[in-house]
Amino acid sequence: MGVVTPGFTGRARGASPRLPPGQYLAEDFPVLSAGPTPRVSTERWEFAVVTESGERRSWSWSELMALPSEKITVDIHCVTQWSKLDTRWRGVPVDALVGDLDTAADYVMAHSYGGYTTNLPLADLLGGQAWIAYEYGGKPLTPEHGGPARLLVPHLYFWKSAKWVRELRLATKDAPGFWETAGYHDYGDPWREQRYQGD
Amino acid sequence: MARTAVSGRLAWRVARLAEIRQETPTARTLVFDIPGWPGHLAGQHVDVRLTAADGYTAQRSYSLAAPSNGDRIELTVQRVADGEVSEHLTGPYAVGDPVEIRGPIGGWFVWRPTDSAPVLLVAGGAGIVPLMSMIRARREAGSKALFRLVYSLRTPAELYYAEELRRPYAGLDISYVYTRELPEGLSGIPRRIDVATLNTAAWPTEFGATTYICGPTGFVETAADIMLALGHSPQSIRTERFGPGRD
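Structure, rendered in structure tokens:
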């Protein structure tokens with residue numbers, strides 16, 4: 001147990017077993033971004049997957065919309081300590097976009113409009129664990145929350161769910177992305193409280 | 001993009017409250033003694049963890065309000081309605097009481113004394129905190145980098161660091177925007193930050209200035225969008241947002 005702060009009682013205990021350690025429940029949907037919000041029109045929007053050998057597959061907005069989508073209801077956890085339960089999304093599973101590519105890659109660098117990057121193991125994007133999400137709460141995803149489309153990887157801290165996602169680059173070696181270079185954890189499992197490097 | 005690498009594990013350290021400075025009726029600056037503090041850059045933040053007698057813990061992130069000063073650090077905490085951490089830190093929390101702190105965190109929303117480019121700081125309410133750290137770091141370092149601050153607040157009573165900001169410093173220009181109530185003697189009407197405000201305050205685009213914007217999400221979105229519309233590059237604009245849910 002940590003050092004007790006005298007007089008601190010805190011809120012009611014046992015609020016939710018769905019809250020990872022160090023997290024609190026947020027009713028609203030806070031925003032965390034390092035710079036201005038990119039505005040990408042769906043006419044200009046393109047999404048691509050690039051393998052380690054340079055093979056590239058891309059989708060326009062209408063091509064993405066034509067793919068089978070899924071409704072997803074998940075809990076999300078931000079490294080800045082808020083969590084939000086039962087958030088509702090719609091998106092295309094990453095399996096459908098990466099599934100039959102010829103690759104030996106174990107890692108992915110997600111690249112976003114605006115220059116943001118974040119690294120993840122490829123296995124964490126497959127098996128129904130990750131989506132390219134374009135609806136939130138039954139409405140088109142707004143730009144400040146990553147619209148027109150963002151990566152959604154709810155089992156990791158939310159900075160891994162790259163907003164304004166543009167490209168997934170598969171790689172045989174792991175390399176740190178934007179926040180990871182600044183000291184945040186390479187994997188980011190909220191249940192193991194992997195906020196910063198060394199956690 | 002130069003950023004600070006945080007090496008090794010970020011350990012929780014025990015910090016004890018050394019001094020309280022009341023900034024407004026609902027916000028106070030907390031000065032801590034934190035032995036072994038590794039130092040930090042202006043703009044960085046920390047995680048604060050409180051533990052109750054039964055082992056219950058709650059943690060939140062707070063911006064550092066002043067540059068590194070040995071084993072002393074300063075945070076400014078705004079009381080948030082129903083915020084279990086901020087209510088304690090702005091209430092019963094007393095000099096000598098311990099908390100746990102780890103950091104520094106964040107290597108993007110930072111200003112270094114070696115940065116010579118002009119700077120525009122845009123603060124919305126409590127968003128002044130990390131920007132004040134930059135202003136203080138500039139002063140302590142004797143930096144000649146030109147600074148401008150646009151500080152938006154609802155009423156004059158919500159001004160943080162009032163005495164310090166009133167003192168003139170060469171190379172620092174400050175303008176205030178009041179959204180609900182003007183100071184006595186000031187004519188005009190309350191207004192929000194707008195194109196005219198930032199068009200006046202912003203450095204010419206060819207100056208290669210860096211803009212730091214901190215405040216509530218809606219404020220930051222508005223200010224950043226205006227800066228883009230005025231022709232500033234996305235790379236020159238750094239933001240830190242806190243939603244209404246942040247404690």
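These protein sequence lines are chains S and U, in that order. Just so you know, full-length UniProt numbering puts 167 at position 167 of the first sequence, and the rest follows in order with no gaps. Just so you know, full-length UniProt numbering puts 55 at position 55 of the second sequence, and the rest follows in order with no gaps. Here a beta-carbon is modelled for each residue, glycine too, at the ideal position from N, C-alpha and C.
Problem - Contact set between S:D199 and chain U, taken where Cβ atoms lie within less than 8 Å - result: Residue mapping note: residue 199 of chain S aligns to position 199 of the first sequence, counting from 1. Residues of chain U passing the Cβ test: R9, L10.
Handout entry: Residue closest to U:V122, alpha-carbon to alpha-carbon, out of U:R9, U:L10, U:T24, U:T217
Key = As a first step, residue 122 of chain U must be located in the second sequence, where it is residue number 122. Nearest to U:V122 by C-alpha distance, out of U:R9, U:L10, U:T24, U:T217, is U:T217.
Exercise for the section: Go to S:D100, then tell me how far its alpha helix (DSSP H) extends in each direction, as first and last residue. Expected result: Translated into the one-based positions of the first sequence, residue 100 of chain S becomes position 100. S:D100 -> no alpha helix (DSSP H), and no H or E assigned at all.
Exercise for the section: Would you mind working out which of S:L168, S:H77, S:Q197 sits nearest S:G115, comparing C-alpha positions? Expected result: Within the first sequence, the letter at position 115 stands for residue 115 of chain S. Answer by Cα proximity: S:L168.
Problem - Residues that U:Q22 bridges to, as DSSP identifies them - result: In the second sequence, counting from the first residue as 1, residue 22 of chain U sits at position 22. The partner list for U:Q22 (beta bridge, DSSP) reads U:R28.
Practice task
Report the rounded CA-to-CA distance for U:M227 versus S:R195, giving the unit in angstroms.
Solution key: Here residue 227 of chain U refers to the residue found at position 227 of the second sequence. Here residue 195 of chain S refers to the residue found at position 195 of the first sequence. Distance between the alpha carbons of U:M227 and S:R195 is about 32 Å.
Handout entry: Rounded C-alpha distance that separates U:Q22 from U:T29
Key = Reading the second sequence from its first residue, position 22 is the one you call residue 22 of chain U. Reading the second sequence from its first residue, position 29 is the one you call residue 29 of chain U. Here the C-alpha atom of U:Q22 lies approximately 6 Å from the C-alpha atom of U:T29.
Handout entry: Anticipated Cβ contact below 8 Å, U:T51 with S:T80, distance rounded
Key = Counted from its first residue, the second sequence places residue 51 of chain U at position 51. Counted from its first residue, the first sequence places residue 80 of chain S at position 80. Between S:T80 and U:T51 the Cβ distance is about 20 Å, and since that is not below 8 Å, they are no contact.
Practice task
Look at the Cβ atom of S:L126, then the Cβ atom of S:V98, and state whether they are nearer than 9 Å.
Solution key: As a first step, residue 126 of chain S is located in the first sequence; it is residue number 126 there, counting from the start. As a first step, residue 98 of chain S is located in the first sequence; it is residue number 98 there, counting from the start. Note that the C-beta distance between S:L126 and S:V98 is below 9 Å.
Handout entry: Cα-Cα separation, U:V14 to S:V3
Key = Counted from its first residue, the second sequence places residue 14 of chain U at position 14. Counted from its first residue, the first sequence places residue 3 of chain S at position 3. Straight-line Cα distance between these residues: approximately 7 Å.
Handout entry: S:S33: contacting residues in chain U (beta-carbon distance under 8 Å)
Key = Counting from 1 along the first sequence, the entry for residue 33 of chain S is found at position 33. Correct list: T239, R241.
Practice task
Could you work out which residue in U:A94, U:L186, U:I135 is closest to U:D173 when comparing CA atoms only?
Solution key: The residue labelled residue 173 of chain U in the question sits at position 173 within the second sequence. Taking U:D173 as reference, the option from U:A94, U:L186, U:I135 with the minimal CA-CA separation is U:I135.
Practice task
Reducing DSSP to helix, strand and coil, say where S:R192 ends up.
Solution key: The sequence position of residue 192 of chain S within the first sequence is 192, counting from 1. Of the three classes helix, strand and coil, the one that applies to S:R192 here is helix, per DSSP.
Exercise for the section: Answer yes or no: do S:L122 and S:A105 have a C-beta to C-beta separation smaller than 9 Å? Expected result: Numbered from its first residue, the first sequence carries residue 122 of chain S at position 122. Numbered from its first residue, the first sequence carries residue 105 of chain S at position 105. Yes; because the gap between Cβ atoms is below 9 Å, this pair is in contact.
Handout entry: U:W12 versus S:S112 - alpha carbon distance
Key = Counting from 1 along the second sequence, the entry for residue 12 of chain U is found at position 12. Counting from 1 along the first sequence, the entry for residue 112 of chain S is found at position 112. Distance from the CA of U:W12 to the CA of S:S112, rounded to the nearest whole angstrom, comes to 33 Å.
Problem - DSSP-derived helix/strand/coil call for U:G125 - result: Taking the second sequence and counting its residues from 1, one reaches residue 125 of chain U at position 125. U:G125 falls in the helix class under three-state DSSP.
Problem - Option nearest U:V48 by Cα separation, candidates U:V85, U:H40, U:P168, U:R72 - result: One-based indexing of the second sequence puts residue 48 of chain U at position 48. Comparing C-alpha distances from U:V48 to each of U:V85, U:H40, U:P168, U:R72 shows the shortest one belongs to U:V85.
Handout entry: For U:Y176 and U:Y151, believed in contact at Cβ under 8 Å, the rounded distance
Key = For this step, residue 151 of chain U is matched to residue 151 along the second sequence. For this step, residue 176 of chain U is matched to residue 176 along the second sequence. About 5 Å; that satisfies the 8 Å criterion.
Practice task
Flag U:L75 as yes if its beta-carbon sits less than 9 Å from any beta-carbon of chain S, otherwise no.
Solution key: Residue mapping note: residue 75 of chain U aligns to position 75 of the second sequence, counting from 1. Taking Cβ atoms only, chain S never reaches closer than 9 Å to U:L75, which makes this a no.
Exercise for the section: Kindly indicate if chain S contains any beta-carbon less than 9 Å away from that of U:T4. Expected result: Taking the first residue of the second sequence as 1, we reach residue 4 of chain U at position 4. Confidence in U:T4 is poor, its pLDDT being 47 and thus under 50, which makes the residue's placement too unreliable to answer from.
Handout entry: Contacting positions in the segment 74–94 of chain S - beta carbon closer than 8 Å to chain U
Key = Near chain U, meaning a CB-to-CB distance below 8 Å, the residues of the segment 74–94 of chain S are T80, Q81, W82.
Practice task
Mind checking the UniProt region "Disordered" (1–20) of chain S against chain U and listing, in chain order, the residues whose C-beta falls within less than 7 Å of any C-beta there?
Solution key: Listed by position, the residues of the UniProt region "Disordered" (1–20) of chain S near chain U (Cβ gap below 7 Å) are M1, G2, V3, V4, T5, P6, G7, F8, T9, G10, R11, R13.
Handout entry: Contact list for U:A53 against chain S, beta-carbon separation under 7 Å
Key = For the purposes of this step, residue 53 of chain U is taken as residue 53 along the second sequence, with counting starting at 1. The answer, in chain order, is V4.
Practice task
Would you please verify whether the beta carbon of U:Y151 is less than 9 Å from any beta carbon of chain S?
Solution key: Position 151 of the second sequence, counted from the first residue, corresponds to residue 151 of chain U. It does not; no Cβ of chain S falls within 9 Å.
Practice task
Could you tell me which residues DSSP puts in a beta bridge with U:F147?
Solution key: Taking the first residue of the second sequence as position 1, residue 147 of chain U is located at position 147. In the DSSP output, where bridge partners are listed per residue, U:F147 has U:V119, U:L172.
Practice task
Give me the Cα-Cα distance between U:A157 and S:A26, rounded to the nearest whole angstrom.
Solution key: Your numbering for residue 157 of chain U matches position 157 in the second sequence. Your numbering for residue 26 of chain S matches position 26 in the first sequence. Rounded to the nearest angstrom, the two C-alpha atoms are 28 Å apart.
Exercise for the section: List the endpoints of the continuous beta strand (DSSP E) containing residue 249 of chain U. Expected result: In the structure displayed, chain U extends from 1 to 247; residue 249 of chain U sits before or after that span and is not available.
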